[in-house]
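So the sequences go chain by chain: A, B and C. Following my numbering, the numbering of the first sequence begins with 1 at its first residue and continues without gaps. Following my numbering, the numbering of the second sequence begins with 1001 at its first residue and continues without gaps. Following my numbering, the numbering of the third sequence begins with 2001 at its first residue and continues without gaps. For every residue, glycine included, the Cβ atom is placed at its ideal position computed from N, Cα and C. All figures in this text were calculated on a predicted structure; none of them were measured in a lab.
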Amino acid sequence: MRLFEYESRQILEREGIPVTKAGVARTPEEAERIAREIAGPVVLKSQVLTGGRMKAGGVKFADTPEEARAHAEHILGLEINGHMPRGVLVGHKAPIAKELYAGVIYDGTRKLPTFVFSDMGGIDIEEVAETHPDHIGRGHFSTILPQMDFRAKDVIASVGITGGDLNKLTPILSKLARLFVKYDMTLAEINPLAQLEDGSFVAVDAHMDMENEARGRHKALLAELGVGDEETREAREPTPFEIEGERIDSVDHRGVAGNVTEFDGNLGLVIGAGGGSLTLFDAVRKYGGRPANYCEIGGNPSVSKACNLTKLVLQKPGVDKIAVMMSIVSNTRVDIVARGVIKACTELGYDPAEKIAIFRIPGAWEDEGFKILERYGVEYCDRSVSMHEAARRAVEKIGGQAAAQTPAAGAEEGTSGAATEVTQP
Amino acid sequence: MADGMFIQVEVDESVRGDAELAQKLADACPVDIFENAGGRVEIVPANLDECVLCELCIHAAPPGAVRVRKLYSGEVLQSAD
Amino acid sequence: MSILIDESTTFIVQGITGREAVNLTRECLDYGSKIVGGVTPGRRGREVHGVPVYDSVAQLVGELGFVPDGSVVTVPPAFAKDAVFEAIEAGIKLIVVVTERIPRYDVAQMVELAGLRGARIIGPNCLGIIRPGVAKMGGIGGPAKDAQKAYKPGCVGVMSRSGGMTTEISSTLSAAGLGVSTAISIGGDAIIGSTYAELMPLFEADAQTEAIVIYTEPGGRMEAQLAEWVKQNDSRLPIVAFMAGRFMDEMPGMSFGHAGTIVEGKADTAAEKIARLQEAGITVAEEIAEIPDLVRQKIASKAVA
């Protein structure tokens, strides 16, 4: 779960890392008031959970409160990559002598958290890593031994920092690591970490991601920050279709029938499980098909849950047919899913044989499932038909190759391209 | 009794008023097809199609008293004796 | 030779009285695995499919009089770290963590402790290990009769970030007559106990294994690590990979399928991973159905070379 910059700054302050003076405004008037309180030049930054703020015009500078108000008005109405800002951060534009970078992330290969530190801050750290690898220091720290400051010190010293600066920076990086652990972050970075003209260090911008799985452990912090339970904080805002998919999955605890993502094609997908869905989505596109959605079924959902998910997909505007496909199942039951998808068709007044382009779920209770499919005349196949072949047949049935590939309106960043681009090696 | 599309459960009229059986069936069914309605066996139509064919109801009842019919194949599950 | 488990491997199930654990226990026993006990705190004295239940791993070890070879951990996420630490501190050396949604820091702690104690973790968020016709440890392949259908003994080692796809790929290899030596569902999380590269030496030392098939996804550096391993070790085993989730390259920052499956940077993308794997001489299949032929070709060309 991504945290807004203003939330990340709040966490830094709470954990004793100095930040520049700032406030969040929801209105231009508030921005003006904050600027007046700061009593100096300010920077106004759009509070959005996406990159590229600067380029999009979401960051402005102001010398007077009136100017701040005007910029805030502009920024508050500015959509960036499909995101409307939560507010505008009005911060003191401090006289900066030098910009650095301090971060903590996981290293999945070493399976440990790691410090990342650079004396080149203010730019994307991946870029620094590519162009100036000698300006980046890294070092893992134990998850079992107590956290020791010397680990942070070694990393900072490795980029050539010594003297008083080293001793001022060590507690900052060390505290960043402590809060990373304390709040189950998967990313905590200060960029830039600025050295002011008076020699002190202060966080100018911060970015944090808290692990979704751990949200329950940090209810107090999230309440303090004002983060609601309903906020998904995904890379893009969920669509009404996706919100409904989430609801269907959450109201019935039996199995999974959800993780719905909206696309703009005409072939509805009722697919599973994790890896199977990824494989099948690729397969449909490989054969020129245009998926209307992504989803995941698994863990043996109830008939009604499979039915409700299928109804959601069937009722999506532009969906002509659905393909019901999974990798070989051993927990989810073929007959239960068959009942659910057929029920969805009949309850909506459709002929399952017409609406279901193909049913390819081999595995547990398949003999029983195949009896049901036969009764309703639905085309099905067993494991001897590969996942890709099943996807190809579904696309063929819907006339996918011939269909015009026009992205639907309302698709968010990335999704329209995803639904229309078909990359063949 | 309203039919499911896939599953129909038949309970002999002779045992429907058996309060003990009503409770046994309500406890046994993992998908709540049976309800103990004041000592009477009642069927919950909305749950019929959730039947997982576990046959626990069939074994909980006297032989032949509860039958599970698969409407898609015509097969009937019931105790052997 | 064997990989991780054989016919004499003894293991326990932690959280054995849970719904999924009861099924898993039945499946493993039916398949011929030796489950010697189970643990659920407060349930001492019960039995699950004839397997005795204890309050703790230490109690179980005390009563059995020996330390079992492995443990399958199926407890809820909030208790998973404690359960894994408990198993490791009792001296158990192979731990399959089935539990999904364990916070990453907890996983890192488990893995670090396992490293210090010389134990190995498979998972979390995995279905376990199967040696076709010998034993299975975890829910992999499902009920014994389904597992027998999908997994035939043979020469290909399978490692997969998806539990379901482990079975799909193994079934394809089995139907093609190649069969499977050992299949490992390594788990779908961002941090897992054993990566492809870390398991390779075991397959390398296993005479039954003649080739490797891996199932991969976007996210993480595990494939790059495998590519590096292959370049540095003159492996006798040809590798075929299948990459799912190619569409995710166009959707950075969004997670699909598994917790660890997300494109956050360039190195996470399917395209980048495919390039890395190919550079190391690993063949990347376009479809699952191609895999058996690719494996045969690679085995044949290795034999010539």
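Measure how close the beta-carbons of residue i and residue j come, nearest whole angstrom, since I'm counting them as under 8 Å.
i, j, result
"threonine 332 of chain A", "glycine 369 of chain A", "No, threonine 332 of chain A and glycine 369 of chain A are not in contact; Cβ-Cβ is about 11 Å, not under 8 Å."
"lysine 45 of chain A", "glycine 58 of chain A", "7 Å"
"leucine 166 of chain A", "alanine 157 of chain A", "6 Å"
"isoleucine 271 of chain A", "cysteine 307 of chain A", "Wrong, their Cβ atoms sit about 16 Å apart, outside the cutoff."
"leucine 314 of chain A", "tyrosine 350 of chain A", "7 Å"
"serine 2171 of chain C", "arginine 383 of chain A", "6 Å"
"alanine 129 of chain A", "leucine 12 of chain A", "Not confirmed; about 23 Å, so no contact."
"proline 2124 of chain C", "glutamate 213 of chain A", "Not confirmed; about 11 Å, so no contact."
"alanine 273 of chain A", "methionine 326 of chain A", "7 Å"
"alanine 1999 of chain C", "isoleucine 2130 of chain C", "Nothing about residue 1999 of chain C can be reported from this structure: the residues present for chain C run from 2001 to 2305 only."
"tyrosine 2031 of chain C", "alanine 2144 of chain C", "4 Å"
If I follow the unbroken beta strand (DSSP E) through residue i, where does it start and stop?
i, result
"leucine 44 of chain A", "42–46"
"glutamate 1035 of chain B", "1034–1037"
"proline 2052 of chain C", "2051–2054"
"isoleucine 80 of chain A", "Neither: isoleucine 80 of chain A is in no beta strand (DSSP E) and is coded neither H nor E."
"arginine 392 of chain A", "Note, arginine 392 of chain A: premise wrong, no beta strand (DSSP E); alpha helix (DSSP H) at 387–397."
"serine 2181 of chain C", "2180–2185"
"alanine 22 of chain A", "22–25"
"leucine 2060 of chain C", "Taken as a continuous stretch (DSSP letters only), leucine 2060 of chain C belongs to no beta strand (DSSP E), being part of the alpha helix (DSSP H) at 2057–2064."
"phenylalanine 359 of chain A", "356–360"
"threonine 2216 of chain C", "2211–2216"
"phenylalanine 117 of chain A", "112–118"
"asparagine 293 of chain A", "293–298"
"threonine 2195 of chain C", "Here threonine 2195 of chain C belongs to no beta strand (DSSP E), and DSSP marks it neither H nor E."
"leucine 193 of chain A", "185–196"
Taking residue i as the reference, give the member of the options with the closest Cα.
i, options, result
"alanine 2176 of chain C", "C/Ala2289, C/Val2284 and C/Ala2114", "C/Ala2289"
"tryptophan 301 of chain A", "A/Ala257, A/Leu312 and A/Lys98", "In the sequence as displayed, the identity of residue 301 of chain A is proline instead of tryptophan. Among A/Ala257, A/Leu312 and A/Lys98, the Cα nearest to that of proline 301 of chain A belongs to A/Ala257."
"glutamine 195 of chain A", "A/Gly122, A/His132, A/Phe241 and A/Ala220", "A/Gly122"
"alanine 981 of chain B", "B/Ser1079, B/Arg1069 and B/Met1005", "For residue 981 of chain B there is no data in the structure shown, the boundaries of chain B being 1001 and 1081."
"alanine 338 of chain A", "B/Cys1054, B/Leu1056, B/Arg1067 and B/Asp1049", "B/Asp1049"
"valine 155 of chain A", "A/Tyr101, A/Glu389 and A/Ala206", "A/Tyr101"
"leucine 230 of chain A", "A/Ala220, A/Phe241 and A/Glu246", "Reading off the sequence shown, one finds glutamate at residue 230 of chain A, where the question assumed leucine. Looking at the Cα atoms, A/Glu246 is the closest of the given residues."
"glycine 1039 of chain B", "B/Asp1012, B/Ile1007 and B/Arg1016", "B/Arg1016"
Please list the terminal residues of the continuous alpha helix (DSSP H) segment that includes residue i.
i, result
"arginine 427 of chain A", "The structure shown has nothing for residue 427 of chain A, since chain A only spans 1 to 425."
"glutamate 179 of chain A", "The question names glutamate, but residue 179 of chain A in the sequence shown is leucine. Element bounds for leucine 179 of chain A: 163–182."
"lysine 2034 of chain C", "Premise fails: lysine 2034 of chain C lies in the beta strand (DSSP E), 2034–2039, not in any alpha helix (DSSP H)."
"proline 65 of chain A", "65–76"
"glutamate 2272 of chain C", "2270–2279"
"cysteine 2028 of chain C", "2019–2031"
"phenylalanine 281 of chain A", "274–286"
"glycine 369 of chain A", "366–375"
"arginine 33 of chain A", "28–38"
"threonine 310 of chain A", "303–314"
At the 7 Å Cβ level, is residue i part of the contact set with chain E, yes or no?
i, result
"valine 303 of chain A", "Protein chains in the displayed structure are A, B and C, and chain E is not among them."
With three or more beta-carbon pairs closer than 8 Å as the criterion, would you say the segment 2193–2200 of chain C touches the segment 2212–2223 of chain C? Segments in contact, yes.
Taking contact to mean at least 3 C-beta pairs separated by less than 8 Å, is the segment 81–92 of chain A in contact with the segment 104–114 of chain A? no
With 7 Å as the C-beta to C-beta threshold (strictly closer), list the residues of the segment 2103–2121 of chain C near chain A in chain order. Pro2103, Arg2104, Tyr2105, Ala2108, Gln2109, Val2111, Glu2112 and Leu2113
What are the residues in the segment 2028–2046 of chain C lying within 9 Å of chain A by C-beta distance? none
Chain A contacts made by the segment 2157–2174 of chain C, where a contact means CB separation under 8 Å: Ser2160, Arg2161, Ser2162, Gly2163, Gly2164, Met2165, Thr2167, Glu2168, Ser2171 and Thr2172
Near-chain C residues of the segment 351–375 of chain A - C-beta to any C-beta below 7 Å: So the list reads Gly363 and Ala364, given in the order they occur along the chain.
With 9 Å as the C-beta to C-beta threshold (strictly closer), list the residues of the segment 1048–1065 of chain B near chain A in chain order. Residues of the segment 1048–1065 of chain B that bring their beta carbon within less than 9 Å of a beta carbon in chain A comprise Asp1049, Glu1050, Cys1051, Val1052 and Leu1053, in sequence order.
Inter-stretch contact (C-beta, 8 Å, three-pair minimum) for the segment 2110–2127 of chain C and the segment 141–148 of chain A: Touching, per the Cβ criterion.
Listed from N- to C-terminal order along the chain, which residues in the segment 2216–2227 of chain C have their beta-carbon within a distance smaller than 9 Å of any beta-carbon of chain A? Contact residues of the segment 2216–2227 of chain C toward chain A are Glu2217, Pro2218, Gly2219, Gly2220, Arg2221, Met2222, Ala2224 and Gln2225 (C-beta to C-beta distance below 9 Å).
Would the segment 2126–2143 of chain C count as touching the segment 2086–2099 of chain C if we require 3 or more Cβ pairs under 8 Å? yes
Is the number of C-beta pairs between the segment 2293–2302 of chain C and the segment 2237–2245 of chain C that are closer than 8 Å three or more? yes
State whether the segment 2055–2066 of chain C contacts the segment 2027–2040 of chain C, with contact taken as three or more CB pairs (one from each stretch) at a distance under 8 Å. yes
Between the segment 2066–2094 of chain C and chain A, which residues of the former have a C-beta closer than 9 Å to a C-beta of the latter? Taking 9 Å as the Cβ-Cβ cut-off against chain A, the residues of the segment 2066–2094 of chain C that qualify are Pro2077 and Ala2078.
Anything in the segment 1033–1047 of chain B with a Cβ closer than 7 Å to a Cβ of chain A? List those residues in chain order, please. none
Name, going along the chain, the residues of the segment 302–322 of chain A whose beta-carbon falls closer than 9 Å to a beta-carbon of chain B. Ser302, Val303, Ser304 and Cys307
At least three beta-carbon pairs within less than 8 Å, the segment 2081–2093 of chain C to the segment 184–201 of chain A: With a cut-off of 8 Å, the segment 184–201 of chain A and the segment 2081–2093 of chain C do not count as touching, because too few Cβ pairs lie within range.
Near-chain B residues of the segment 336–350 of chain A (beta-carbon distance less than 8 Å), N- to C-terminal order: Ile336, Arg339, Ile342, Lys343 and Thr346
Three-pair Cβ contact test at 8 Å for the segment 261–269 of chain A versus the segment 33–51 of chain A: These segments do not touch.
Inter-stretch contact at 8 Å, needing at least 3 Cβ pairs: the segment 367–381 of chain A / the segment 1060–1079 of chain B: yes
Do the segment 351–365 of chain A and the segment 1037–1048 of chain B touch if we need at least three Cβ pairs shorter than 8 Å? Output reads no: the segment 1037–1048 of chain B does not touch the segment 351–365 of chain A.
At a CB distance below 8 Å, what residues from the segment 290–302 of chain A approach chain C? Give them in sequence order. Tyr294, Glu296 and Gly298
For the segment 266–287 of chain A, list every residue whose C-beta sits within 7 Å of some C-beta in chain C, in sequence order. Ala273, Gly274, Gly275, Gly276, Ser277, Leu278, Thr279, Phe281, Asp282 and Arg285
Counting pairs of beta carbons, one from the segment 2178–2191 of chain C and one from the segment 2142–2160 of chain C, are three or more of them closer than 8 Å? Touching, per the Cβ criterion.
Proximal residues, the segment 95–113 of chain A versus chain C, C-beta separation under 9 Å: For the segment 95–113 of chain A, which is checked against every Cβ of chain C, the residues closer than 9 Å are Tyr106, Asp107, Gly108, Thr109, Lys111, Leu112 and Pro113.
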